[in-house]
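Asker: The opening residue of the sequence shown carries number 1274 in the working numbering; numbering runs sequentially from there.
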Amino acid sequence: MADKAQIIIEGKTYELPVIVGTENERAVDISKLRAETSYITLDNGFGNTGACTSAITFLDGELGILRYRGFPVEQIAEHCTFIETAYLLIYGELPTQTQLDDFSNSFTKQAGLHKDMLNFFDGYPKSGHPMGLLSAMVCSLSGYYPELLNPEPSQDEMKRTAAQLLSKVRTIAACTYRKSVGQTFVPPREDLKYIPNFLHMMFSSPNKDYKIDDTVVDALRVLLILHADHEQNCSTSTVRLVGSSWANMFASISAGVCALWGPLHGGANQEVIEMLEEIHKNGGNVQQYVDKAKDPNSNFRLMGFGHRVYKNFDPRAKIIKKCADDLLNKMGIHDPLLDIAMQLEAAALKDEYFIKRKLYPNVDFYSGIIYKAIGIPKEMFTVMFAIGRMPGWIAHWKEMKENPNSKICRPRQIYVGKTKRDFVPVTSR
Ligand code: CMC
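1) Between V1411 and S1508, which are expected to be in contact by the criterion C-beta below 8 Å, what is the C-beta distance as a whole number of angstroms?
2) Considering only the alpha carbon of each residue, which of Q1370, L1465, R1683, T1326 lies closest to T1295?
3) With a 10 Å radius around its C-beta and 16 neighbouring C-beta atoms as the bar for buried, classify L1407 as buried or exposed.
4) What three-state label does DSSP hand E1288 in the structure shown?
5) In its own chain, which residues sit with a C-beta less than 8 Å from the C-beta of I1338, not counting the 5 before and 5 after it?
6) Are the Cβ atoms of E1430 and N1585 separated by less than 8 Å?
7) Using the DSSP secondary-structure output, state which residues sit across from P1569 in a beta bridge.
8) To the nearest whole angstrom, what separates the beta carbons of Y1626 and D1502, a pair I think is in contact under 8 Å?
9) Taking the C-alpha atoms as reference points, what is the distance between L1601 and N1555?
10) Could you give the residue range of the beta strand (DSSP E) that holds Q1505?
11) At a threshold of 7 Å, does L1306 count as lining the ligand CMC (C-beta to nearest heavy atom)?
12) Taking DSSP's pairing of strands, which residues face A1278 in a bridge?
13) Using CA atoms only, rank isn't needed, just tell me which of A1492, F1696, K1623 is closest to H1352.
14) With three or more C-beta pairs closer than 8 Å as the rule, is the segment 1478 to 1493 touching the segment 1672 to 1690?
15) What's the call for G1573, buried or exposed, on a 16-neighbour Cβ count within 10 Å?
16) Verify the contact flag: H1538, CB atom, against every heavy atom of the ligand CMC, threshold strictly below 7 Å.
17) Say the cut is 7 Å; is the CB of F1319 nearer than that to a heavy atom of the ligand CMC?
18) Would you report the Cα separation of K1388 and S1453, rounded to the nearest angstrom?
19) Identify whether Y1633 lies in helix, strand or coil by the three-state DSSP scheme.
20) Given a threshold of 16 other Cβ atoms within 10 Å of its Cβ, counted over all protein chains shown, does A1619 qualify as buried or as exposed?
21) Whole angstroms are fine: how far does the CA of Y1312 sit from the CA of R1702?
22) Leaving out the 5 sequence neighbours to the left and right, which residues in its chain are closer than 8 Å to G1504 when beta-carbon positions are compared?
23) One question on the structure: do I1468 and F1355 come within less than 8 Å of each other, judged by their Cβ atoms?
24) Could you tell me whether any non-hydrogen atom of the ligand CMC is closer than 7 Å to the CB of V1636?
25) Would you tell me roughly how many angstroms separate the C-alpha atoms of I1667 and S1304, rounded to the nearest one?
26) Quick one: what does DSSP say A1384 is sitting in, helix, strand or coil?
27) Which residues in the same chain have their Cβ closer than 6 Å to the Cβ of S1517, if we skip the five residues on either side of it in sequence?
28) Would you list, in sequence order, the uninterrupted alpha helix (DSSP H) runs of no fewer than 4 residues that lie entirely inside the segment 1593 to 1681?
29) Can you have a look at Y1688 and say buried or exposed, based on whether 16 or more other CB atoms are within 10 angstroms of its CB?
30) Would you report the Cα separation of G1323 and V1530, rounded to the nearest angstrom?
31) Just to confirm the assignment, what range does the beta strand (DSSP E) spanning A1300 have?
32) Is L1575 near the ligand CMC - that is, is its Cβ less than 7 Å away from at least one heavy atom of it?
33) Between L1315, A1278, E1309, which lies nearest to Q1686 when the distance is taken from Cα to Cα?
34) Okay, do the segment 1541 to 1552 and the segment 1607 to 1617 touch, 3+ Cβ pairs below 8 Å being the bar?
35) Taking A1384 as the reference, give the member of S1415, H1580, R1462, P1536 with the closest Cα.
36) Using beta-carbon positions only, say whether L1632 and F1523 come within less than 8 Å of one another.
Encoded structure:
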């Protein structure tokens, strides 16, 4: 295997180091290229650019492999709680019972919101999108915990910030939901575990507790775990980029929430359900939508399809599809949107356009069916993604901070604008 790469520029050969990962992934290190040659590399959308080395998540898009800290995601989804998964991603190893208890207890203590923070919810329009409120609330936590804003946090400060974020994100999410349906805030309960506590804050009323259903808790557990990390995706790269300026963890993750909101990223889960609803309303003709997605004159895309890195199948989508089917069966729900989703998937997978471009259902294609069955409205779907992704964002921020070679992220560009010209007064223009 090559340990050096060569590049010939203007007839001169330069040698560049090759970096090899533990799974044999290879990269040409171009960090000194400009200093030696005055050339930079250009890579639209960073499709072929490694921005860092990372030991958190491995994925092989060609083979459909996804592993958290070396463990196949299928095993983690089968055996772990969401909190164990969060610990694994953030600290690198599965926790012992003592570590797990300590980690869980730190959440229980942090689940409530400062009473002044609750006023923010009243000021936000009822119809405003929950992701806007989530991002603002996550950033606002910085104002309530000034002792956690050290740009070079200790292990203890990092641990306390992570607990605040992991715990409060579900309280903020539940508050946001209750605000949107005109209901009052239901405080967290110390006797409930992470997911049941979230469901309680979402669906209990002041005089009647929501009945926790283990089937629902388990479906949410699987979904949150499958969303927990996905290496250098758009929102995680955003968290790293913002954090690279030494911005605090609250601010960095708030920026990640905004990146996730976009319909090409986490916002796709809401778009998928809206697309399925539209197909259903228009008579269920899936072929018409497949054709529209192929039409070069239309901007329409099949939402929940395609991925920058998966070119075979998305292992998360496989698990979620089965989970959706099982949950609906157990709950005795027949959702016509699930039938439409399956028909749409079948039609696309045998279509030359999708085959040629290696477009498969992604994590967002079936997740909305599960949220819908649980009673979570579609505007909240991307918020659910954010709750799931929180451990990954924290793990990447922490990894970046602990890497002594981390630098501020500052890409270059190739300027293609006007060349130098002289100012012309407004009267002469
Ligand atoms: N429907 C129809 N055509 C598509 C789709 C789609 N969903 N996705 C990609 N294509 C086409 C695209 O038009 C292009 O065709 P051509 O080569 O003729 O120009 C080709 O496939 C390659 O697409 P691309 O946009 O260059 O690929 P990308 O890697 O830049 O984008 C993506 C990846 C996920 C943004 C894109 O597949 C997409 O827009 N999918 C729909 C939105 C979606 O489901 N997003 C969730 C992603 S997974 C969860 C997450 O990480 O957030």
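Positions of the beta carbon are idealized from the N, C-alpha and C atoms, including for glycine.
Everything numeric in this text was worked out from a predicted model, so none of it was measured.
Answerer: If we stick to the structure as given:
1) About 12 Å; that fails the 8 Å criterion.
2) T1326
3) With 16 or more other Cβ atoms inside 10 Å of its own Cβ, L1407 counts as buried.
4) strand
5) Correct list, in chain order: F1331, L1332, P1345, P1588.
6) no
7) Paired residues: none, contrary to the question.
8) Your pair Y1626 and D1502 does not check out as a contact, with CB atoms roughly 31 Å apart and the cut at 8 Å.
9) 24 Å
10) Segment: none, Q1505 is in no beta strand (DSSP E) and carries neither H nor E.
11) no
12) L1289
13) A1492
14) Segments in contact, no.
15) Checking the sequence shown, residue 1573 turns out to be Phe, not Gly. Looking at its Cβ environment, which holds fewer than 16 other Cβ atoms inside 10 Å, F1573 is exposed.
16) yes
17) no
18) 19 Å
19) For Y1633, the secondary structure class from DSSP, reduced to helix, strand or coil, is coil.
20) exposed
21) 37 Å
22) Strictly speaking, residue 1504 in this sequence is Glu, with Gly absent from that position. For E1504, where only same-chain residues beyond five positions count, the Cβ hits under 8 Å are S1327, I1329, T1330, F1331, L1332.
23) I1468 is a Cβ neighbour of F1355, given a cutoff of 8 Å.
24) yes
25) Going by the C-alpha atoms only, they are around 26 Å apart.
26) coil
27) I1681, C1682
28) 1609 to 1622, 1625 to 1629, 1637 to 1647, 1654 to 1675
29) Exposed, by the Cβ-count rule.
30) 22 Å
31) 1299 to 1301
32) The ligand CMC approaches L1575 closely enough that one of its heavy atoms is under 7 Å from the residue's Cβ.
33) Selected option, being the one with the closest Cα: L1315.
34) yes
35) R1462
36) no
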